[in-house]
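Peer 1: Shown below is the structure under consideration.
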């Protein structure tokens, strides 16, 4: 089924093919190298075969009645004829699912789990960071960077107000 | 050196790096435009209700989406080639320095007038004086004069290394048995940091490069001092 659907994307077919050959009880001429199969696709409205191949006696009588005037058919009969040829209506096949909620939930769960793993590692696996990460050391480093005029054009020292000894507003 | 939470390049300290910065801005803008267009098309494809898949023979759009990428590529290639040839221009350097890569330190030789050379080792973390940058500062920096064309001849003593200083826009492989030449002019005085850029063993991350650019008068004082000390 999946192969047919995939092939129907790359197989060459014109819509007119299935329309004009659709003579008796719906088996269309298939131009790509696949057997006729049923599918519900929004962009290919007419599948190769009708949904129901083996008709019950009621359905057979309905099919005979279809050969007459369609105005004589009741709404229920028209729907029954539709359901013989098609499995889902367009509204049904285009329905959104709630699958995205499971996906987002799964993503958040695994990200959270990864966070827990990272916390565990920090506690049980890694040693202490070097002394250069101490607050006082960092302050000395920053002062040295400003004194050296690191990135004075646009980057770092460009944002320091040397006259008033503070960051530029 | 890089500052905390830096996103872009370090500020340029040489004219070539300035050119590279502007070229990067130009190219990145093109890349952002293309990506935005593609993202928009993807969004449109995913949310459309249209279902006609069998359109054939649309010559106009085919011409556009062939010519437009070609034009964009030319717009990227021309500035790129310009900078490439700019970097290779005859530059008549005032000074030549040799940088040799070893496992795991650099050594610099100044042999233009008098011979002197020195090794440049990273300062180990436990030996840092307060305020020195961990993994970046070295015991002896490569000192050069500002606003003078300098030629660096780069080679290695043992395995491949690479001599890189991002704010000067330089990266050149140090290949054993081969002399690679690059040249630069430092526009403003300062200290510029770089790190070895070719995997060379256990301490590859611990052999940084530090270039100190000072005015010519002070440079001559420094080289006299180094000569006396060696």
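Chains as they are written, first to last, in our numbering: chain X, 735 to 903; chain G, 68 to 297. Beta carbons are placed, not taken as given, at the ideal position from N, Cα and C, and that holds for glycine.
1. Between the C-alpha atoms of residue 263(G) and residue 100(G), what's the straight-line distance to the nearest angstrom?
2. For a test of your reading of the model: does the CB of residue 761(X) fall under 7 angstroms from any non-hydrogen atom of the ligand NAP? Yes or no.
3. Leaving out five residues before and five after residue 740(X) in sequence, what residues of the same chain have Cβ atoms less than 6 angstroms from its Cβ?
4. For chain G, is any of its Cβ atoms less than 8 angstroms away from the one on residue 874(X)?
5. Are the stretch 278 to 292 of chain G and the stretch 253 to 262 of chain G touching, with three or more C-beta to C-beta distances below 8 angstroms?
6. Going along the chain, which residues of the stretch 804 to 818 of chain X sit with their C-beta nearer than 7 angstroms to a C-beta in chain G?
7. Could you tell me the distance, in whole angstroms, from the CA atom of residue 750(X) to the CA atom of residue 767(X)?
8. With DSSP collapsed to three states, give me the class of residue 177(G).
9. Under the rule that 16 or more other beta-carbon atoms within 10 Å means buried, what is residue 788(X), buried or exposed?
10. Could you tell me the distance, in whole angstroms, from the CA atom of residue 895(X) to the CA atom of residue 835(X)?
11. Go through its chain and collect everything with a Cβ distance to residue 246(G)'s Cβ below 6 angstroms, but skip five positions before and after it.
12. Determine whether the Cβ of residue 889(X) lies closer than 8 angstroms to any Cβ atom of chain G.
13. Please check if any C-beta of chain G sits within less than 8 angstroms of the C-beta of residue 831(X).
14. Measuring CB to CB, does residue 189(G) end up less than 8 angstroms from residue 278(G)?
15. When Cβ atoms are compared, which residues of the stretch 776 to 791 of chain X fall closer than 7 angstroms to chain G?
16. Do the stretch 102 to 109 of chain G and the stretch 152 to 163 of chain G meet, that is, are 3 or more Cβ pairs less than 8 angstroms apart?
17. In terms of DSSP beta bridges, what is residue 186(G) paired with?
18. Nearest chain G C-beta to residue 885(X) closer than 8 angstroms, yes or no?
19. Would a C-beta distance cut-off of 8 angstroms place residue 867(X) and residue 879(X) closer than the cut-off?
20. Using a Cβ-Cβ cut-off of 8 angstroms (strictly less than) and excluding sequence neighbours within five positions of residue 275(G), which residues of its own chain qualify?
Peer 2: In brief:
1. C-alpha of residue 263(G) to C-alpha of residue 100(G): approximately 35 angstroms in a straight line.
2. Among the components modelled here there is no ligand, and therefore nothing to report on the ligand NAP.
3. Bear in mind that the predicted position of residue 740(X) carries a pLDDT of just 49, short of 50, making it unreliable; the figure below should be weighed with that in mind. Correct list: empty, nothing qualifies.
4. Residue 874(X) counts as touching chain G.
5. Yes: at least three Cβ pairs fall under 8 angstroms.
6. Going along the stretch 804 to 818 of chain X in chain order, one finds no residue with a Cβ nearer than 7 angstroms to chain G.
7. Because the pLDDT at residue 750(X) is just 42, under 50, the model does not fix this residue reliably, and the point stays unresolved.
8. In this structure, residue 177(G) counts as strand in the three-state DSSP scheme.
9. Result: exposed.
10. Taking the straight line joining both Cα atoms gives about 50 angstroms.
11. Hits under 6 angstroms: 220, 222.
12. Residue-level contact by beta carbon holds for residue 889(X) and chain G, with a gap shorter than 8 angstroms.
13. Not a single CB atom of chain G sits nearer than 8 angstroms to the CB of residue 831(X).
14. Going by C-beta atoms, residue 189(G) is not nearer than 8 angstroms to residue 278(G).
15. Those would be 776, 777, in chain order.
16. Verdict: no, contact absent.
17. In DSSP, residue 186(G) forms a bridge with 174(G).
18. Chain G has a Cβ within less than 8 angstroms of the Cβ of residue 885(X).
19. For residue 867(X) and residue 879(X), no; Cβs fall outside 8 angstroms.
20. Shown here for residue 275(G): same chain residues with a beta carbon closer than 8 angstroms to its own, the five before and five after excluded, namely 189, 202, 203, 204, 205, 260, 261, 262, 263 in chain order.
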